[in-house]
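Enquirer: Position 208, counted from 1, in the sequence shown is what UniProt numbering calls 208; the numbers after and before it change by one each time, with no gaps.
Where is the CB? At the ideal position from N, CA and C, for every residue including glycine.
Below is the structure I would like to discuss, written out as structure tokens.
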Amino acid sequence: MDWNSAFAAFVRDERLHAAAIGLAAFGIVSTMLTVLAKIRDANEIAPVEPKTQYITQETEDALPNTTLDTLLQHPNVSIRDVATRILCDRAINNKETLDILLHGLAQEKYDHRIKSLRALNLLMGLSSSIYAAFVGFSSSSLHLAFSDPDYMLRLHKQNAYFFIVCCLEHCLNDCPVPDLSDSHWDEYQLRDKAEKLCLALAYQLCSTHGARRLAKAGFVEKWLAKQDWGTQPEMRVVRFAMYMGRKKNRIVEVVNKLRQSHSGMRALRNAKLLKKPCQNSLPNSPRSRQLRESSVEQRRLRRQHREAMVLNDGTRPLGQADIIERDHDSPV
């Protein structure tokens, strides 16, 4: 068989036909996929990344109160938080608004007082979960509240403390005074929420600026002394001491702040909640001053008349046992 016949037989082979068709199909499909991929890449529109936009002060000032009211009802938590921050920022910088809220504490109507208390505590930045439930905002929005001391300085006025004490006086009429005879049971959680919010507001102010103005406003005489400490003076002192020693609540924290000021200690003693110190135990009393001066003089004389004798023959090292000290009171 010559090469012509062999080549003709090879060309007529079905296996060659199948391989050729397969290669052609593979080439066509690959070419189509490549062309389609290039067309897709050429017509692809890349997503534009959103630019971070911050709310400027001008934008905040341009928002009307009706818009803020709508944003406060928005289902998005972040939007509600921003609206709350803007609203609180406007209120804390508005003297008229603060005066209205403070005067609201002195109102006899309970609903008016509780709304003013909630608003003031929100402005002060109390962010506990219990308070968040009282106010109705999320706890994250309260973390946006104002920890800047300048904001707290806006409420550090004597009339603000008077309004706080006046609110506590109204709380005495809202519900009966709880029994304090059991020193092992803490009644604080059962107190009215208006009373607890008022104490939280007082503690926040005292923690930053001290309790001198709170004592001057009559917190001890008008509210603390009217609690059920007992009728007998000894019983009042004992119950008050056991309450302060065994319980941990906002009342104890406020009283501890009062104890750090002279006016607070004087008010507690005048209310017969603390025993008045004995005259001789006072640091500036004549008796204590005389004892202190005599002890100082005795120490000075002891140093002045101190004499010692060393007995050592040189056969051993000098030790403490070789030194004999004579006191100035011993006979010569």
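#1: Helix, strand or coil: which one does DSSP assign to D179?
#2: For the region 164 to 179 against the region 222 to 230, do three or more pairs of beta-carbon atoms, one drawn from each stretch, fall closer than 8 angstroms, so that the two count as touching?
#3: Provide the residue span of the alpha helix (DSSP H) that contains Q57, from first to last.
#4: Okay, do the region 85 to 93 and the region 110 to 125 touch, 3+ Cβ pairs below 8 angstroms being the bar?
#5: If you draw a straight line from the alpha carbon of I114 to that of Y243, how long is it in whole angstroms?
#6: Does the region 201 to 209 come close enough to the region 235 to 242 that 3 or more CB-CB pairs lie under 8 angstroms?
#7: Can you list, in chain order, the stretches of the alpha helix (DSSP H) that have 4 or more residues and sit fully within the region 68 to 118?
#8: What residues are listed by DSSP as bridge partners for D228?
#9: Taking Cβ to Cβ, would you say residue 340 is nearer than 7 angstroms to A83?
#10: Starting from I45 and walking both ways along the alpha helix (DSSP H), at which residues does that stretch end?
#11: Whose CA, out of V220, D182, G210, lies closest to the CA of residue 336?
#12: For the candidate residues A46, L268, R250, whose alpha-carbon lies nearest to that of E187?
#13: Tell me the DSSP secondary structure of D174 in three-state form.
#14: Select from R213, L197, K272 the residue whose C-alpha is nearest the C-alpha of P233.
#15: Can you say whether G314 is buried or exposed, counting buried as having 16 or more other CB atoms within 10 angstroms of its CB?
#16: Can you name the start and end residues of the alpha helix (DSSP H) that R154 belongs to?
#17: By how many angstroms is the C-alpha of A25 removed from the C-alpha of L36?
#18: Can you look up A267 in the DSSP assignment and give me helix, strand or coil?
#19: Tell me whether L214 is buried or exposed, calling it buried when 16 or more other Cβ atoms sit within 10 Å of its Cβ.
#20: What are the start and end residues of the alpha helix (DSSP H) that includes E221?
Expert: In terms of the structure at hand:
#1: Strand.
#2: With a cut-off of 8 angstroms on Cβ pairs, the region 164 to 179 is in contact with the region 222 to 230, counting three or more such pairs.
#3: Boundaries of the alpha helix (DSSP H) harbouring Q57: 57 to 62, taken from the DSSP string.
#4: Segments in contact, yes.
#5: I114 and Y243 have their C-alpha atoms some 27 angstroms from each other.
#6: Taking 8 angstroms as the limit for Cβ pairs, the verdict is that the region 201 to 209 does not touch the region 235 to 242.
#7: Whole alpha helix (DSSP H) segments, 4+ residues: 77 to 92, 95 to 105.
#8: Paired residue(s): D179.
#9: The requested residue 340 is not part of the displayed model; the chain covers only 1 to 332.
#10: That residue, I45, is in no alpha helix (DSSP H); it is neither H nor E in DSSP.
#11: There is simply no residue 336 to check, as the chain begins at 1 and stops at 332 in what is shown.
#12: The closest CA to that of E187, considering only A46, L268, R250, is found on R250.
#13: D174 falls in the helix class under three-state DSSP.
#14: Of R213, L197, K272, the residue nearest in Cα terms is K272.
#15: G314 counts as exposed, since fewer than 16 other beta carbons sit within 10 angstroms of its beta carbon.
#16: R154 -> no alpha helix (DSSP H), and no H or E assigned at all.
#17: Their Cα atoms are separated by approximately 16 angstroms.
#18: Helix at A267.
#19: The residue is buried, with at least 16 neighbouring Cβ atoms inside 10 Å.
#20: Looking at the DSSP string, the run of the alpha helix (DSSP H) that includes E221 is 219 to 222.
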